[in-house]
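Just add 164 to the spot in the sequence shown (first one is 1) and you have this note's numbering.
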Amino acid sequence: MWPISEERRVESRSEAGPNGGGHRRVSDGGRSAAAASAVLRDRPSCCDPGRSSAISVPSSLCEVGGRLRIVARAGMERWRDRLALVTGASGGIGAAVARALVQQGLKVVGCARTVGNIEELAAECKSAGYPGTLIPYRCDLSNEEDILSMFSAVRSQHSGVDICINNAGLARPDTLLSGSTSGWKDMFNVNVLALSICTREAYQSMKERKVDDGHIININSMSGHRVVPQSVTHFYSATKYAVTALTEGLRQELREAQTHIRATCISPGLVETQFAFKLHDKDPEKAAATYEHIKCLKPEDVAEAVIYVLSTPPHVQIGDIQMRPTEQVT
Ligand SMILES: NC(=O)c1ccc[n+]([C@@H]2O[C@H](COP(=O)([O-])OP(=O)(O)OC[C@H]3O[C@@H](n4cnc5c(N)ncnc54)[C@H](OP(=O)(O)O)[C@@H]3O)[C@@H](O)[C@H]2O)c1
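In structure tokens:
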């Protein structure tokens, strides 16, 4: 855990009202924003020890009572204090998304099996003075009972879910010709089934509370849109093609149900996380090489896309964001 500077403690607590009222944009916004970014950037992340990460999705700086404060991004004010569930929040993209949402003032339930990482991230967000809160929850998403208990705990302790970010996912190196059925099941259970169970439960939670503006965001992959000739990712790719179909099917069912709840998927190319180290768990050099040949996306780039889709006006429905590292060919 890094020491929090005095400057950071003073500046980061937002007091924005629902409309961000009472704030005046500072005249040297560019310089101040750069200074604030410098404060927020390049610190080691608790969920990715030893690595430097851009920890913040930039927010606006406003002057309140003579002090600079970080306030919610335009379009994000309406989500303040509402509840987002982020699956797979113990590292990588999920941790970056959870952090970005807490920074925007949301109450975030972050779940995964390695709950200690989420607890550390929650403490980090608290020390940073972010306006939202991160609530860690231990859940094995390959177990439906675990998922149902989590939704029932959210219901009894926090009312319900307004945003569901289905991020948890994995790849195992099980090819179609000789892979193990258990490896396929591991991928299917989390990437497809858990995502579908969480989606159903999140929708039911919105429906029972008459929440008509919720949002379900699936972290898909470019592998959900084209098959790379790399045998160890073929089954994984099939699970992500399923996510493409599930997101569009969901969008259609939400329209049939005459709600304004939105369904989006975000489809990144290579993102530098622990993902390849879990795929190639017997060959860490191969895993490391995955991220070395090009400048990859960072988890924060994907978090930025999540904030963008959430911040669009309620009548705008983004279906899919496909994003690759600029240098990625496939
Ligand atoms: N990295 C990439 O290049 C890339 C590219 C495109 C799409 N994606 C997608 O992005 C998403 C996040 O991946 P990442 O790159 O951030 O990978 P990561 O660093 O390996 O993180 C995966 C997350 O999923 C969670 N998870 C896996 N199995 C779980 C289970 N049974 N129960 C609960 N949580 C589980 C992990 O938590 P625990 O292990 O603590 O449970 C972890 O928090 C995935 O859907 C992945 O397919 C990644």
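Beta carbons are placed, not taken as given, at the ideal position from N, Cα and C, and that holds for glycine.
* Answer yes if the stretch 244–251 comes into contact with the stretch 320–329, meaning at least three C-beta pairs across the two stretches below 8 Å, and no otherwise. => yes
* **Coil, strand or helix - glycine 483 by DSSP** => Indexing the sequence shown from 1 puts residue 483 at position 319. Here glycine 483 sits in coil by DSSP.
* Distance, lysine 371 Cα to histidine 422 Cα -> Position 258 of the sequence shown, counting from 1, holds the residue named residue 422. Position 207 of the sequence shown, counting from 1, holds the residue named residue 371. Correcting the residue type first, residue 422 is glutamine in the shown sequence and not histidine. So the two alpha carbons sit approximately 11 Å from each other.
* To do: Spell out the partners DSSP gives tyrosine 301 in its beta bridges.
  => Mapped onto the sequence shown, residue 301 falls at position 137. In DSSP, tyrosine 301 forms a bridge with Cys275.
* **leucine 305 beta carbon near ligand 1 (any heavy atom closer than 6 Å)** => Numbered from its first residue, the sequence shown carries residue 305 at position 141. Result yes, Cβ under 6 Å from ligand 1.
* Asked: How about glutamate 434: is its Cβ closer than 6 Å to a heavy atom in ligand 1?
  -> One-based indexing of the sequence shown puts residue 434 at position 270. Looking at the sequence shown, residue 434 is not glutamate but leucine. Yes - ligand 1 has a heavy atom lying nearer than 6 Å to the Cβ of leucine 434.
* Which whole runs of the alpha helix (DSSP H) in the stretch 385–464 are 4 residues long or more, in chain order? -> 398–420, 439–443 and 448–454
* Going by DSSP, which residues form a beta bridge with cysteine 328? -> On the sequence shown, position 164 is the one that residue 328 refers to. Paired residues: Leu249 and Ile380.
* Three-state secondary structure assigned by DSSP to glutamine 268 -> Within the sequence shown, residue 268 is the residue found at index 104, counting from 1. DSSP places glutamine 268 in coil when its eight states are reduced to three.
* Could you name the residues of the same chain whose beta carbon sits closer than 7 Å to that of leucine 289, not counting the 5 residues immediately before and after it, in chain order? => As a first step, residue 289 must be located in the sequence shown, where it is residue number 125. Looking at the sequence provided, one finds cysteine at residue 289 rather than leucine. Only Arg263, Val266 and Leu298 meet the Cβ criterion.
* Looking at C-alpha atoms only, which residue of Ile430, Val273, Phe352 and Pro448 is the closest neighbour of glutamate 468? -> As a first step, residue 468 must be located in the sequence shown, where it is residue number 304. Closest option to glutamate 468, Cα to Cα, is Ile430.
* Asked: Alpha carbon to alpha carbon, what distance is there between tryptophan 243 and arginine 319?
  -> The residue labelled residue 319 in the question sits at position 155 within the sequence shown. The residue labelled residue 243 in the question sits at position 79 within the sequence shown. Arginine 319 and tryptophan 243: Cα-Cα distance of roughly 18 Å.
* Return the CA-CA distance between glycine 296 and alanine 406, expressed in angstroms with no decimal places. => Residue mapping note: residue 296 aligns to position 132 of the sequence shown, counting from 1. Residue mapping note: residue 406 aligns to position 242 of the sequence shown, counting from 1. Looking at the two C-alpha atoms, the distance is approximately 33 Å.
* valine 354: CB within 6 Å of a non-hydrogen atom of ligand 1 -> By 1-based counting over the sequence shown, the position of residue 354 is 190. Yes, the Cβ of valine 354 comes within 6 Å of a heavy atom of ligand 1.
* Asked: Which value, in whole angstroms, describes the spacing of the CA atoms of alanine 360 and serine 385?
  -> What you label residue 360 is simply residue 196 of the sequence shown in a count that begins at 1. What you label residue 385 is simply residue 221 of the sequence shown in a count that begins at 1. Here residue 360 turns out to be serine, not alanine, going by the sequence shown. C-alpha separation (whole angstroms): 16 Å.
* Asked: So what's tyrosine 294 in DSSP terms, helix, strand or just coil?
  -> Translated into the one-based positions of the sequence shown, residue 294 becomes position 130. Tyrosine 294: coil per DSSP, three-state reduction.
* With 16 other Cβ atoms within 10 Å as the buried cut-off, status of glutamine 268 -> Within the sequence shown, numbered from 1, the residue matching residue 268 stands at position 104. Buried: at least 16 other Cβ atoms inside 10 Å.
* Looking at C-alpha atoms only, which residue of Val273, Ile458 and Asn353 is the closest neighbour of alanine 402? -> Counted from its first residue, the sequence shown places residue 402 at position 238. Of the candidates Val273, Ile458 and Asn353, the one whose C-alpha sits nearest the C-alpha of alanine 402 is Asn353.
* Asked: Is the distance from the Cβ of alanine 276 to the Cβ of glycine 252 below 7 Å?
  -> One-based indexing of the sequence shown puts residue 276 at position 112. One-based indexing of the sequence shown puts residue 252 at position 88. The answer is yes: Cβ separation under 7 Å.
* To do: Check whether the Cβ atoms of isoleucine 282 and serine 254 lie closer than 7 Å to each other.
  => As a position in the sequence shown, residue 282 is number 118, starting the count at 1. As a position in the sequence shown, residue 254 is number 90, starting the count at 1. Yes, the Cβ-Cβ distance between isoleucine 282 and serine 254 is below 7 Å.
* **Nearest residue (CA-CA) to threonine 476, options Glu420, Cys362 and Arg426** => Residue 476 sits at position 312 when you count from the first residue of the sequence shown. Answer by Cα proximity: Arg426.
* Take arginine 415 and list the residues in its own chain whose beta-carbon comes closer than 6 Å to its own, dropping the five residues that flank it on each side. => By 1-based counting over the sequence shown, the position of residue 415 is 251. Here the set comprises Ala427.
* Verify the contact flag: threonine 408, CB atom, against every heavy atom of ligand 1, threshold strictly below 6 Å. => Along the sequence shown, read from residue 1 onward, the residue named residue 408 stands at position 244. No; taking the cut-off as 6 Å, the Cβ of threonine 408 has no heavy atom of ligand 1 nearer than that.
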